[in-house]
Amino acid sequence: MAIKKKSEKISASTDAITSSLKETRVFAPPREFAKNAHIKSPAQYQKLWEQSVKKPEVFWGKQAKENLEWIKPFKKVLQWKAPFAKWFTGGKLNASANCIDRHVTAGLGNKAALIWEGEPGDSRTLTYQDLLRETSKCANALKALGVTPGDRVAIYMPLIPETVIAMLACARVGAMHCVVFGGFSSEALADRINDCGASVVITADGGYRKGAVVALKQNVDVAIERCPSVSHVLVVRRTGTLVTMQPARDHWWGEFLGRMSSHCPPYEADSEHPLFLLYTSGSTGKPKGILHTTGGYLLGAALSAKIVFDLKPSDTFWCTADAGWVTGHSYLAYGPLANGATIVMYEGAPNHPDWGRLWSIVEKHRVSILYTAPTAIRACLRAGDSWPAKHDLSSLRLLGSVGEPINPEAWMWYHEVIGGGRCPIVDTWWQTETGSIMISPLPGAIPQVPGSATKPFFGVFPDIVDKNGKPVPAGSGGFLVIRKPWPSMLRTIWGDDERYKQQYWSQVPGVYFTGDGARRDKKGNIWIMGRIDDVLNVSGHRLSTMEVESALVSHKLVAEAAVVGRPDELKGEGIVAFVTLQVGFSASDALRDELKKHVAVQIGALARPDDIRFADALPKTRSGKIMRRLLRDVAAGRNSNQDTSTLEDLSVVAALRADSED
Ligand code: WT7
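Okay, so the sequence shown: first residue is 14 according to this note's numbering, each after it adds one.
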């Protein structure tokens with residue numbers, strides 16, 4: 014991994030990103046897997062991909078007919094008035110009927126739709142028939158509370174079956190759900206409710222997390238004191254925690270739904286009828302309500318779930334994401350359910366009561382596909398091989414990763430220790446905005462390279478460009494853009510078309526700007542280099558923080574690393590690395606020097622960290638994203654005025670500040 018010679022670099026003025034990561038291990042799809050996969054060879058993938066981008070309307074029209082059930086057929090596949098897309102206009106469908114009713118009609122009523130495990134160890138299984146009954150009752154309850162098509166319903170829940178039921182019930186009546194992650198504060202909840210003007214909030218008395226109860230209803234009470242749009246609250250009894258119920262406004266889910274009919278005809282939604290809003294943080298701080306609509310979103314989720322995860326009727330699919338994130342929308346709920354699969358859902362923390370929990374769930378429910386995040390993989394890697402070794406993981410046939418670049422060390426551990434060397438790994442790149450997976454190896458067709466998301470999905474036309482929109486040569490880093498509209502793309506930012514245009518379609522005129530840096534290698538594999546915001550500018554060279562992190566983590570004593578820049582008079586930015594060590598090793602000045610040298614050897618002297626700080630943990634949000642803005646403040650020795658309400662553990666910040674080198 015030597016740094017490239019200066020002559021090979023793109024000059025700083027074009028704003029390309031210097032890329033130095035090299036990975037040469039390649040894992041071809043196992044023959045047996047390929048034989049039975051939906052897409053079986055690189056040639057089959059290539060042919061279909063080319064067709065899909067050359068004639069997208071033919072491709073998507075066919076897929077929409079084959080993968081979704083339409084109440085009324087669509088007339089036109091795409092109406093594109095850049096940057097506003099309308100897919101499958103004239104068509105009518107209902108997302109909940111596509112995820113439930115059609116499977117019941119097809120005779121799968123008694124098939125398990127959802128296997129749920131609560132953190133304390135309680136467990137429930139709902140068949141497709143059960144899901145239809147409960148969803149219909151909840152849909153009727155929403156109607157009884159005055160919800161009409163187009164209204165917004167906020168869902169602030171633990172990860173329990175009622176969360177998915179509530180989402181599907183909204184879809185059933187044509188209301189938009191807006192799931193707010195249960196780990197968010199009442200402040201964050203109120204901001205989102207006010208932005209979307211939700212009339213109903215669905216919550217629970219509490220949820221379990223690491224053995225403690227999260228007081229969800231209490232947070233809702235505080236939040237809606239300043240949310241005039243909310244007229245009703247529906248409360249699931251989960252923990253038995255004492256809560257205050259305000260008469261006329263608050264209703265117990267059990268009692269209220271008990272009075273409802275278990276039949277509710279699905280709303281006949283236009284293809285472009287809004288399905289949901291999901292908030293994601295923007296670079297300016299104010300959360301953006303990402304709008305997804307019915308037909309296009311559902312097709313993206315359904316087709317990608319089928320092809321990327323090679324979903325078969327016999328699969329048990331476990332996506333560990335919370336419903337509060339887009340992954341929990343597309344691959345916990347809509348994608349697999351639209352395919353009639355069996356999903357697994359787990360309420361609690363991966364280390365409760367110990368680090369064997371994930372593996373015990375895989376064993377207990379015979380999970381065949383596991384989809385999780387690199388941060389969880391690294392945490393398990395750090396906890397040690399003895400935990401997975403206690404469990405029978407032979408039911409697994411495919412593994413997935415999402416949310417951030419997966420460093421090759423974590424990839425290899427996932428592959429060997431969890432996948433037993435036999436399971437392909439799909440490293441899936443996508444965003445809240447894209448709605449479904451955009452770049453990923455297809456497990457039976459595309460050779461995997463640890464750390465690379467490899468190839469675009471069907472219908473996806475990515476490119477890597479400099480700041481003038483000019484494609485950069487193979488091997489060079491640049492901005493990742495998408496050149497053609499795709500069905501599950503966001504339609505706008507709720508209430509702010511201007512910001513939508515500005516944020517996604519103006520940075521490089523006319524194409525979708527992802528905000529990520531990437532490069533393509535000579536084999537055409539795409540490597541995601543992280544957010545552009547996370548790119549360092551060291552002595553005029555743009556460096557990906559992720560690559561420096563990856564180099565650090567490749568040292569045998571390092572468990573996890575986060576790298577940020579701090580202002581440096583000479584170099585523009587200096588590199589500060591926050592590092593956690595493998596269990597049983599302690600920090601020392603000698604190790605600090607060794608790590609700096611290690612990075613210099615792996616990437617080049619340019620990437621050598623100026624400062625390394627050791628800590629027991631890194632500051633992360635509950636979704637596992639490292640809070641880089643906060644780390645930048647710590648690195649610069651500034652007091653931080655960043656919002657820490659989503660931080661998992663506040664004490665880690667104090668510890669990081671304390672371990673300063675200078
Ligand atoms: C950002 C989107 C997509 C669901 C979860 C996150 C990063 C996502 C990967 C991957 C490298 C990845 C990107 C992207 N990201 N997946 N496989 N490899 N980076 O959704 O919160 O909207 O974040 O997550 O930076 O832009 P999100």
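Backbone N, C-alpha and C define an ideal beta-carbon position, used for all residues, glycine too.
- Annotated as distal: N420 and A392, with beta-carbon spacing of 9 Å or more.
- Membership of W499 in any alpha helix (DSSP H) is not indicated, and neither H nor E is assigned to it by DSSP.
- When the five nearest sequence neighbours on each side are left out, the beta carbons in the same chain lying within less than 6 Å of the beta carbon of H116 are those of Y141 and G353, in order along the chain.
- Beta-bridge analysis with DSSP links Y292 to G302.
- Around S199, the same chain offers N232, V235 and A236 as residues with beta carbons nearer than 7 Å, after the five sequence neighbours per side are excluded.
- Ranking D606, A110, C191 and E82 by CA distance to the CA of G104 puts E82 first.
- In chain order, P387 place their CB closer than 6 Å to the CB of E417, counting only its own chain and leaving out the 5 sequence neighbours on each side.
- In this structure, the beta-carbon distance from S284 to F101 falls below 9 Å.
- The nearest non-hydrogen atom of the ligand WT7 is 8 Å or more from the C-beta of R205.
- Linking A334 to L583 through their CA atoms gives a straight-line distance of about 43 Å.
- For C332, the uninterrupted beta strand (DSSP E) segment begins and ends at T329 to C332.
- Within 8 Å of the C-beta of V415 there is at least one heavy atom belonging to the ligand WT7.
- Rounded to the nearest angstrom, the gap between the Cα atoms of R626 and A362 is 27 Å.
- DSSP places P454 outside both helix and strand once states are collapsed to three, so it counts as coil.
- Taking a 10 Å sphere around the C-beta of K536, we find fewer than 16 other C-beta atoms and assign the residue as exposed.
- Excluding the 5 residues flanking it on each side, V192 has same chain C-beta neighbours closer than 6 Å at I168, A336 and G337, in chain order.
- If the five residues before and after H378 are omitted, its C-beta is found closer than 8 Å to the C-beta atoms of I128, E130, T329, W331 and V357, all from its own chain and listed in chain order.
- A straight-line Cα-Cα distance of about 6 Å links T307 and H286.
- The closest heavy atom of the ligand WT7 lies less than 8 Å from the beta carbon of D440.
- Note on geometry: alpha-carbon atoms of T293 and K638 lie some 12 Å from one another.
- The beta-carbon distance between Q615 and A564, rounded to whole angstroms, is 4 Å. This is short enough to meet the 8 Å contact definition.
- Closest in alpha carbon position to C112, among W499, A466 and L181, is L181.
- The C-beta distance from Y384 to Y344 rounds to 6 Å, short enough to meet the 8 Å contact threshold.
- Within a 10 Å sphere around the beta-carbon of H276 sit fewer than 16 other beta-carbons, which makes this residue exposed.
- Under the rule that a run must span 3 or more residues, the beta strand (DSSP E) segments found entirely inside the stretch 133-188 read 136-140 and 165-169.
- Nearest to L121 by alpha-carbon distance, out of L145, L106, A108 and S136, is L145.
- Scanning its chain for C-beta atoms nearer than 7 Å, with the 5 sequence neighbours on each side dropped, one finds around A282 the residues K105, L106, N107, G187 and T307, in chain order.
- If you check the C-beta of T467 against the ligand WT7, you find no heavy atom less than 8 Å away.
- Taking C-beta atoms under 8 Å as the contact rule, A154 and F269 qualify, at a distance of about 5 Å.
- The alpha-carbon separation between M258 and E238 amounts to approximately 14 Å.
- Relative to the ligand WT7, W443 has its C-beta within less than 8 Å of a heavy atom.
- Counting the other CB atoms within 10 Å of its CB gives G271 a total below 16, which places it among the exposed residues.
- In this structure, the ligand WT7 has no non-hydrogen atom nearer than 8 Å to the beta-carbon of T505.
- For K609, the number of other beta carbons within 10 angstroms of its own is at least 16, and it is reported as buried.
- Sequence-distant partners of I506 (beyond 5 residues in either direction) whose C-beta falls short of 8 Å from its own C-beta, in its chain, are K301, G302, I303, L304, R512, Y513 and Q516.
- DSSP places D529 within a strand segment (E or B) once states are collapsed to three.
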